[in-house]
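Novice: Under the numbering used here, residues 1286 to 1670 are what the sequence shown spells out, in order.
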Amino acid sequence: MKQTPPISVAVFGAGYAARGLICQILATSDIQLVALCNRTKEKAQKLLDSFDAGHIPITDKPDEVWEKNPDVIVDATGSIEYGLDITVAALERNIPVVGINAELEALMGPYFSRYDAVYTQAYGDQPGVLLDLYREITGLGLKPVLLGNIKSILDHSRTPGTQKKWAQDHNQSPILATEAADGTKLALEMTTVANATASTILSRGMLGKPAKTVYEAVHLYRKHLTPDTCVVEYILGAQPAFGVFAIGHTDTPILQEYLSMYKMGEGPYYLFYRPYHLCTIEAVRSIRNAVRGIADMAPLEKKYCDAIAVAKRDIPAGHRLDGIGGFDVYGLIEKEENIRKNNILPVSLSSLATTKKTITKGSAITLSDISVDQSSPVYQAYKTL
1286 MKQTPPISVA VFGAGYAARG LICQILATSD IQLVALCNRT KEKAQKLLDS FDAGHIPITD
1346 KPDEVWEKNP DVIVDATGSI EYGLDITVAA LERNIPVVGI NAELEALMGP YFSRYDAVYT
1406 QAYGDQPGVL LDLYREITGL GLKPVLLGNI KSILDHSRTP GTQKKWAQDH NQSPILATEA
1466 ADGTKLALEM TTVANATAST ILSRGMLGKP AKTVYEAVHL YRKHLTPDTC VVEYILGAQP
1526 AFGVFAIGHT DTPILQEYLS MYKMGEGPYY LFYRPYHLCT IEAVRSIRNA VRGIADMAPL
1586 EKKYCDAIAV AKRDIPAGHR LDGIGGFDVY GLIEKEENIR KNNILPVSLS SLATTKKTIT
1646 KGSAITLSDI SVDQSSPVYQ AYKTL
């Protein structure tokens, strides 16, 4: 029997996400890591040394990656501008891209749908796992009406200062830890879910109802649901604290009879739940699928939501915002039509902005409040959406 050559993959980034992914790649026989590209080669070297994988080429030059003609690349940078550059470069070369970069996809996802090559968000984190639940519900003949995240903590005031110790204890950067705690990561990820499923929101920032267990979700949201609309949402504090959930609807009597028999409730709304998601250590699935031309989670051409920038503190005039995971702003999900109508600044553009006037804590930052670095390739690409 003829043996299939391994999938060649190049990974960009050498942080927490890349570490988990590379751990799994090195444990497989059907995927071969042909390059690790990071803007700081020393950090990449330290990462590979932790796996005793000194044979893998390291570079800080994307051009050297393209010379290897990888079957797939993975963007695990978490950087918006650098991530855009390498993603577009790969797609233009017809190389599939697996993104572990919700910061970029929330802003630019529809832009990537213009290319013929596969662009997919990685399976494993909440959005990709939610897309599996979405497909499962649809495949059973139900209509998905809610796609839900589970948050254990959400505090918009968190900063790299408050998150420094937690980050050190969990081998993460303070920026990543802040983004997770202040709600920005939630907003970005659920934006990508909405933009992959043509879903909307019930209100700016979502309702985020407190819950003791995930099994309360149908009761908590039932009055907000309609059979013809799918929304993205989250519950706060539910145990167990990990995983994702979705709610499906059917008014078909025979299907309701069977679902009742199988302990799914009396309907017409039904809870589907996966009690875990394993983030980047599950992302190898997306690498395998991308080579086959399958996207685990691809943005649609139309943008339905984005995450907006909200002032985390009173910000003086003339201040350059420090971006996602910093001291200045956090993100809230909002409908794209409202963002455009009210000229609100997406949080993924916030590091390009300098305030023109004082901005009050809790205010959504508008384009009239700031000046933007218009020379940025990210801003130029965003304007084409």
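Ideal placement from N, C-alpha and C gives every residue a C-beta, glycine not left out. Here the structure is a predicted model, which means the values were calculated and not measured.
From the DSSP secondary-structure annotation, give me the bridge partner or partners of Pro-1495.
Specialist: Leu-1521
Novice: Mind checking who Glu-1542 pairs with in its DSSP beta bridge?
Specialist: DSSP lists no partner for Glu-1542.
Novice: Using a threshold of 9 angstroms, state whether the C-beta atoms of Ile-1624 and Val-1517 are closer than that.
Specialist: no
Novice: In chain order, what residues of the same chain have a beta carbon less than 6 angstroms from the beta carbon of Ile-1365, not counting five sequence neighbours either side?
Specialist: Glu-1388, Leu-1389, Ser-1633 and Val-1663
Novice: Spell out a yes or no on whether the segment 1601-1613 and the segment 1500-1518 are touching, meaning 3 or more CB-CB pairs, one atom from each, closer than 8 angstroms.
Specialist: With the cut-off at 8 angstroms, the segment 1601-1613 and the segment 1500-1518 do not touch.
Novice: Can you round the beta-carbon distance between Tyr-1419 and Leu-1432 to whole angstroms, since I take them to be within the 8 angstroms contact cut?
Specialist: 6 angstroms
Novice: Among the residues of its own chain, which have a CB less than 8 angstroms from the CB of Gln-1541, if the five just before and after it don't count?
Specialist: Scanning its chain for C-beta atoms nearer than 8 angstroms, with the 5 sequence neighbours on each side dropped, one finds around Gln-1541 the residues Thr-1535, Glu-1551, Gly-1552 and Pro-1553, in chain order.
Novice: Would you identify the three-state DSSP class for Ser-1656, choosing helix, strand or coil?
Specialist: The three-state secondary structure of Ser-1656, taken from DSSP, is strand.
Novice: Quick check on Pro-1395: does DSSP put it in helix, strand or coil?
Specialist: In the structure shown, Pro-1395 adopts helical secondary structure according to DSSP, grouped into three states.
Novice: With 16 other CB atoms within 10 Å as the buried threshold, where does Pro-1495 fall?
Specialist: exposed
Novice: Exposed or buried, Met-1546, counting other C-beta atoms within 10 Å across all chains shown (16 or more means buried)?
Specialist: exposed
Novice: In three-state terms, what does DSSP make of Pro-1662?
Specialist: helix
Novice: Do the segment 1572-1590 and the segment 1403-1410 touch if we need at least three Cβ pairs shorter than 8 angstroms?
Specialist: Touching, per the Cβ criterion.
Novice: Tell me where the beta strand (DSSP E) around Lys-1428 begins and ends.
Specialist: Note, Lys-1428: beta strand (DSSP E), 1428-1436.
Novice: To the nearest angstrom, how far is the alpha carbon of Val-1359 from that of Gln-1524?
Specialist: 32 angstroms
Novice: Determine the extent of the beta strand (DSSP E) in which Ile-1618 is found, giving its start and end residues.
Specialist: 1614-1620
Novice: Nearest to Ala-1580 by CA position, among Asp-1607, Val-1382, Ala-1312 and Ile-1371, is which residue?
Specialist: Val-1382
Novice: Is the beta carbon of Lys-1671 sitting closer than 9 angstroms to the one on Arg-1598?
Specialist: Lying before the first or after the last residue shown, residue 1671 is absent from the chain, which here runs from 1286 to 1670.
Novice: Are the segment 1478-1491 and the segment 1445-1465 touching, with three or more C-beta to C-beta distances below 8 angstroms?
Specialist: Here the segment 1478-1491 makes no contact with the segment 1445-1465; the two share fewer than three CB pairs at distances below 8 angstroms.
Novice: What residue from Cys-1308, Glu-1349 and Pro-1355 has the CA that sits closest to Ala-1338's CA?
Specialist: Cys-1308
Novice: Would you report the Cα separation of Ala-1312 and Gly-1305, rounded to the nearest angstrom?
Specialist: 11 angstroms
Novice: Quick check on Arg-1399: buried or exposed, where buried means 16 or more other Cβ atoms within 10 Å of its Cβ?
Specialist: exposed
Novice: Is Thr-1607 near Ser-1636, with beta carbons less than 9 angstroms apart?
Specialist: The identity of residue 1607 in the sequence shown is Asp, whereas the question assumes Thr. Yes, the Cβ-Cβ distance between Asp-1607 and Ser-1636 is below 9 angstroms.
Novice: I'd like to confirm the pairing. Which residues does DSSP put opposite Arg-1677 in its beta bridges?
Specialist: Any property of residue 1677 remains undetermined from this structure, which presents the chain solely from 1286 to 1670.
Novice: Do you know offhand how far Ala-1361's Cα is from Thr-1372's?
Specialist: 11 angstroms
Novice: Taking the Cβ atom as the reference point for each residue, do Lys-1328 and Gly-1300 lie within a distance shorter than 9 angstroms?
Specialist: For Lys-1328 and Gly-1300, yes; Cβs fall inside 9 angstroms.
Novice: Can you say whether Gly-1603 is buried or exposed, counting buried as having 16 or more other CB atoms within 10 angstroms of its CB?
Specialist: exposed
Novice: Pull up the CB-CB distance for Ala-1465 and Asp-1591, whole angstroms please, since I reckon it's below 8 angstroms.
Specialist: Rounded, the Cβ-Cβ distance is 19 angstroms, inconsistent with contact.
Novice: May I have a chain-ordered list of the beta strand (DSSP E) segments no shorter than 3 residues that lie completely inside the segment 1299-1341?
Specialist: 1316-1322
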